[in-house]
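One structure is given here, and the rest of the page talks about it.
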Amino acid sequence: MKKWIVILFAMLPSLVMAAGGNVHLDKAENDLTDQASLQRGAKLFMNYCFGCHSTQYQRYERVATDLGIPADLMKENLIFNPTTKIGELMENAIPEKSAAKWFGAPPPDLTLVARVRGADWLYTYLRSFYADSSRPFGVNNIVFPSVGMPHVLEELQGTPEAIFDTHVVDGKEHQVIVGIKSKGNGELSSGEYDQAVLDIVNFLEYSAEPVKLERQAMGWWVFAFLLVLTIVVVALKKEYWRDVH
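Quick note, the sequence shown lines up with residues -18 to -1, 1 to 227 if you use mature numbering (1 follows the signal peptide of the UniProt record, and there is no 0).
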């Protein structure tokens, strides 16, 4: 019972991330079998996201094993606290009270965010930031309006600018955001940035359910067993009732 209570409370902060209305979500074509993508996603997450967002329900050692990362490389490149052991949970050191003061609310743990929000939501959200001087961190987000999170991937994408179009509703003109375009001052091209985001989403989907592929593979074996069992049971039933009828 206590285990389920812990999981529920872990999911609740992630629900706060969600907001927004009927925004079209782009399809995240991520692949959990792509180990290279998962490795890149882990690297990007640890370098750009982990400073604020932990994944405290998984361990460094399990991630290294599942993603095919040698333990020494994991410790050298993806564990930033020299006193942290590889078998420990992936918790960061940001003070919760200070984080709540800086961002308006403590940054949620992201271990289960892909199960709560879905890969498509994450993929669209991370590609929907745009410059907005009225916001505290100078950015807003189409999927999550008035977001309290800075655009931590801006150096990769470049400064994202909103593309507006004029729509007339009830005789009045309204400016509507119809897209986002980078100023081109980032380290990555548009396609490369989309792939980087997809890698992060891939890693977060893995984090939410590390045994997903094993579960799916086992499911086919269960179906096969039930099919064979059904054939045997039907044959046994016919044999048993043959003399009765």
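We put the beta carbon where it would ideally sit given N, CA and C, even for glycine. No experiment lies behind these values; they were computed from the predicted model shown.
Identify the continuous beta strand (DSSP E) that holds residue 163 and give its terminal residues.
Reading the sequence shown from its first residue, position 181 is the one you call residue 163. 154 to 164 is the span of the beta strand (DSSP E), which, as asked, contains residue 163.
What's the C-alpha gap between residue -2 and residue 197?
Translated into the one-based positions of the sequence shown, residue -2 becomes position 17. Translated into the one-based positions of the sequence shown, residue 197 becomes position 215. With a pLDDT of only 44 at residue -2, under the threshold of 50, the placement of this residue in the model should not be trusted; the figure read from the coordinates follows. In a straight line, the C-alpha of residue -2 is about 28 Å away from that of residue 197.
Can you pull the DSSP bridge partners for residue 111?
By one-based count along the sequence shown, residue 111 stands at place 129. Paired residue(s): 123.
Simplified DSSP assignment, three categories, for residue 200:
Position 218 of the sequence shown, counted from the start, is the residue given in the question as residue 200. In the structure shown, residue 200 sits in a helix (DSSP, three-state: H, G or I).
How would you write the range of the alpha helix (DSSP H) that residue 47 sits in, first residue to last?
Taking the first residue of the sequence shown as position 1, residue 47 is located at position 65. Here the alpha helix (DSSP H) through residue 47 covers 42 to 49.
Within this structure, are the beta carbons of residue 11 and residue 96 separated by less than 8 Å?
As a working note, residue 11 is residue 29 in the sequence shown. As a working note, residue 96 is residue 114 in the sequence shown. No, Cβ-Cβ distance for residue 11 and residue 96 is not below 8 Å.
CB residue 143 to CB residue 178, shorter than 8 Å?
For the purposes of this step, residue 143 is taken as the residue at position 161 of the sequence shown. For the purposes of this step, residue 178 is taken as the residue at position 196 of the sequence shown. No, they are not a contact pair.
Which two residues bound the contiguous alpha helix (DSSP H) that contains residue 32?
The sequence position of residue 32 within the sequence shown is 50, counting from 1. Premise fails: residue 32 is in no alpha helix (DSSP H) and is neither H nor E.
Between the alpha carbons of residue 255 and residue 210, how many angstroms are there, rounded?
Since the first residue of the chain shown is -18 and the last is 227, residue 255 is not available in this structure.
Check whether residue 60 and residue 18 have beta carbons under 8 Å apart
Numbered from its first residue, the sequence shown carries residue 60 at position 78. Numbered from its first residue, the sequence shown carries residue 18 at position 36. Result no, Cβ atoms of residue 60 and residue 18 do not sit closer than 8 Å.
Between 110, 36, 83, 28, which has its C-alpha nearest residue 58's C-alpha?
Along the sequence shown, one-based indexing puts residue 58 at 76. When each option's Cα is compared against that of residue 58, the closest is 28.
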